[in-house]
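Going by numbering that gives the first Met the number 0, the first residue of the sequence shown is number 0, and it counts up by one from there. The C-beta atom is built at its ideal place from N, Cα and C for all residues, glycine as well. In what follows, a structure is listed as structure tokens, so that the remarks can point back to it.
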Amino acid sequence: MPRWLLSAICALLLCLWQPSAALAIDDPSVLPDQPTPVIDLARILTDSQRKNLEQELEGVEAKVGWKLRVLTQFDQTPGLAVRDFWQLDERSLLLIADPRGGNLLNFNVGDAFFALMPRTYWVELQTRFGNQFYVRDHGEDGAIFDALEAVEICLERGGCQVVPGLPQEQWILTLMTSILGGLIVGIAAFPREPDQTIAWSWVLLLSPLWVILFGVFGIGPVVTRTADWLPLSRNILGFIGSSVAAYLLAQYFTSRNTQAGDNT
Numbered sequence: 000m001p002r003w004l005l006s007a008i009c010a011l012l013l014c015l016w017q018p019s020a021a022l023a024i025d026d027p028s029v030l031p032d033q034p035t036p037v038i039d040l041a042r043i044l045t046d047s048q049r050k051n052l053e054q055e056l057e058g059v060e061a062k063v064g065w066k067l068r069v070l071t072q073f074d075q076t077p078g079l080a081v082r083d084f085w086q087l088d089e090r091s092l093l094l095i096a097d098p099r100g101g102n103l104l105n106f107n108v109g110d111a112f113f114a115l116m117p118r119t120y121w122v123e124l125q126t127r128f129g130n131q132f133y134v135r136d137h138g139e140d141g142a143i144f145d146a147l148e149a150v151e152i153c154l155e156r157g158g159c160q161v162v163p164g165l166p167q168e169q170w171i172l173t174l175m176t177s178i179l180g181g182l183i184v185g186i187a188a189f190p191r192e193p194d195q196t197i198a199w200s201w202v203l204l205l206s207p208l209w210v211i212l213f214g215v216f217g218i219g220p221v222v223t224r225t226a227d228w229l230p231l232s233r234n235i236l237g238f239i240g241s242s243v244a245a246y247l248l249a250q251y252f253t254s255r256n257t258q259a260g261d262n263t
């Protein structure tokens with residue numbers, strides 16, 4: 000069976016299945032009788048995890064005045080009934096964890112939060128902690144806890160432009176761009192004149208390229224997401240090492256070509 004036909008059939012079955020899952024929308028009967036900041040309908044959390052999370056969210060609200068709420072759902076959902084249950088307002092954040100979607104996490108963000116964290120922050124928060132690979136490695140409960148921890152850190156700081164923390168794959172990307180920037184500097188710095196040691200004119204000419212690679216993509220994401228000096232020092236060493244290596248290699252191959260030309 001062709002792959003496109005199989006995808007079309009799966010999409011059709013998904014569309015046919017979705018309405019039955021949506022019948023529970025606006026169902027206040029699934030809400031608990033007692034007030035609580037966590038409603039775990041999907042049974043993602045253990046009893047101890049849920050109790051600890053309830054205490055944590057209540058502590059955050061008492062300390063900084065921001066209301067954080069968590070709803071997990073699967074085949075049952077209270078829908079819009081949670082708004083009245085929790086009295087959600089502009090200073091409220093609702094984290095919804097639903098394993099049925101491609102991304103586990105979704106956020107209902109009050110308008111007052113955008114003064115501290117821009118909309119791009121919430122997109123990054125969702126894609127970093129809610130993607131299938133992160134959930135597979137850390138579990139659904141770990142994704143919820145880590146996302147809430149990032150929000151709490153930013154609330155204590157008085158706001159963030161980006162999500163705190165530097166994932167391993169993102170650091171590797173910054174290291175690669177730093178090394179690439181260093182290679183450009185090393186090749187550009189190789190002298191073109193006999194009495195020249197470093198071709199500063201070429202380094203300055205190509206500065207828009209290597210500054211973007213090293214500064215914007217290599218250093219910027221690191222210093223804005225973590226205060227750890229280790230990834231920053233590694234990127235700087237990668238930049239310096241690749242520039243020196245490119246400079247020496249260019250000198251080596253140029254000298255070989257010159258000797259070959261003299262021999263002929």
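Beta-bridge partners of Ser242, as assigned by DSSP
On the sequence shown, residue 242 is found 243 positions in, with the first residue counted as 1. Per DSSP, none; premise fails for Ser242.
Residues bridged to Ile38 [DSSP beta-bridge criterion]
On the sequence shown, residue 38 is found 39 positions in, with the first residue counted as 1. According to DSSP, which records beta bridges pairwise, Ile38 is partnered with Leu70.
Leaving aside the five residues before and after Phe252 along the sequence, list all residues of the same chain whose C-beta is less than 8 Å from its C-beta, in chain order.
The sequence position of residue 252 within the sequence shown is 253, counting from 1. None.
Under a Cβ-count criterion, where at least 16 other Cβ atoms within 10 Å of its own Cβ denotes burial, should Leu70 be classed as buried or exposed?
In the sequence shown, the residue the question calls residue 70 occupies position 71. The residue is buried, with at least 16 neighbouring Cβ atoms inside 10 Å.
Check for me: the alpha helix (DSSP H) holding Phe113 runs from which residue to which?
For the purposes of this step, residue 113 is taken as the residue at position 114 of the sequence shown. First-last for Phe113: undefined, no H or E at that position.
How about Glu337 and Pro98: do their beta carbons lie closer than 8 Å?
Any answer about residue 337 is impossible in this case: the structure gives the chain only from 0 up to 263.
Cβ of Cys159 within 8 Å of Cβ of Tyr120?
Residue 159 sits at position 160 when you count from the first residue of the sequence shown. Residue 120 sits at position 121 when you count from the first residue of the sequence shown. Closer than 8 Å, so yes.
Who pairs with Phe106 in a beta bridge, going by DSSP?
Numbered from its first residue, the sequence shown carries residue 106 at position 107. Bridge partners of Phe106 according to DSSP: Leu94.
Looking at the structure shown, is Gly309 part of a helix, part of a strand, or coil, going by DSSP?
No answer is possible for residue 309: the residues shown for the chain start at 0 and end at 263.
Just to confirm my understanding: we take Glu57, look at its own chain, exclude 5 residues before and 5 after, and list those with CB closer than 7 Å. What are they?
Here residue 57 is taken as the residue at index 58 of the sequence shown, counted from 1. Pro36, listed in sequence order.
C-alpha distance - Val221 paired with Pro193, whole-angstrom precision
Within the sequence shown, numbered from 1, the residue matching residue 221 stands at position 222. Within the sequence shown, numbered from 1, the residue matching residue 193 stands at position 194. Their backbone Cα atoms lie some 40 Å apart in a straight line.
In this structure, how does DSSP classify Asp227 when only helix, strand and coil are distinguished?
Against the sequence shown, residue 227 aligns to sequence position 228. In the three-state DSSP reduction, Asp227 falls in the coil class, being neither helix nor strand.
Boundaries (first-last residue) of the alpha helix (DSSP H) holding Gly158:
Taking the first residue of the sequence shown as position 1, residue 158 is located at position 159. Run containing Gly158: none; DSSP gives neither H nor E here.
What first and last residue would you give for the alpha helix (DSSP H) that runs through Glu89?
Your numbering for residue 89 matches position 90 in the sequence shown. Where Glu89 is concerned, there is no enclosing alpha helix (DSSP H), given that its DSSP letter is neither H nor E.
For Thr45, does the three-state DSSP call read helix, strand or coil?
Within the sequence shown, numbered from 1, the residue matching residue 45 stands at position 46. It is coil, neither helix nor strand.
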